[in-house]
Every structure is written in structure tokens, then in C-alpha cells.
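Heads up: the sequence shown is residues 29 to 171, going by this note's numbering. Worksheet: one structure, shown below.
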Amino acid sequence: MLMRTDPFRELDRLTQQLLGPGTWSRPSAMPMDAYREGDQYVVAFDLPGVAADTIDIDVERNMLTVRAERRPVAKGDDVQMELSERPLGVFSRQIVLADTLDTEHIHADYDAGVLTLRIPVAERAKPRKISIGVGSGRKEISG
């Protein structure tokens, strides 16, 4: 049986431990998928365990910024943490959007830890047919 190994997995784990979770001044990245579906682009961000009220979406010109925060679960005085592997803190991602997208009509949904943005293609960027006019007469060039 073949086993797939990643020689940098341990280095990535150590780096994540040293850098720790994101802060407002140094947010962690969030994984995402982006694809085109018909006349719109879909961008899906993984944000498990993030409350919807901590998600902030901004568009300025062509820059889309998504920022979210995963806060610690409230614990009582008699709770002693034994293991904590889930990252807490701030997550952020910026995407440069094409001029062909309609940033005025972005639709956002958050379900099961996935934030999905649907960005329609602008009308001016959609393919269209150009009709060809036919002239009434034929001209000859003499020379």
C-alpha cells in the first residue's frame, strides 16, 4: 500500500503553534473555494464555529474583504482546559474582484459553518450577439 507523505506537515504544525491564532493586527487566513456558476461567481469560505454576528463583509472599489472572529466558549470557574487545538481569534481574507462583476448585488448566506457569497456578472460583461448590417449597394474601387 502506498502512503502519501507530506515532509512539511510537521513544519507547518510548528509554525502554526509559534504564530498562534490570528489577532486583529495579524489575522489568520481562511480556506475558500471560488467558481463560476452560470451568470454568477460563487465564493465559499470555511468558518466553522464562527457566530454569524462576528462576520464582517466589506467591498471597496474592487476589493472584497471578509473578516470573522472565533471567540472562546464561555467557561466556568471550575473548568480546567485539558486540550485546546481549535484556533481562536481573527480570520481574514481579501479578494480582488474583476471589473466585470456587479459588486452592488452581492448576496451572502451563512450555513453550517460555510459563508457563501454569490456575485453576479455585470450586464455589460455578459456575452451578446452583434447584428451585422448589410449595405444596399456595391461599390467598386478604380484606380
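A virtual CB, placed ideally from N, CA and C, is assigned to each residue, including glycine.
So, under 8 Å CB-CB, A153 and T128 are touching, yes? Tell me the CB distance rounded to an integer number of Å. 3 Å
Going along the chain, which residues of its own chain have a beta-carbon closer than 6 Å to the beta-carbon of R146, five neighbours each way excluded? Q68, V70, H135
Whole angstroms are fine: how far does the CA of L143 sit from the CA of D137? 6 Å
DSSP three-state assignment for T128, whether helix, strand or coil: coil
If you count every other CB in all the chains shown that lies within 10 Å of the CB of A126, and 16 or more means buried, which is it? exposed
Would the segment 155-164 count as touching the segment 88-103 if we require 3 or more Cβ pairs under 8 Å? no
Measure how close the beta-carbons of V118 and E97 come, nearest whole angstrom, since I'm counting them as under 8 Å. 5 Å
Do L116 and R89 come within 8 Å of each other at the CB atom, strictly closer than that value? no
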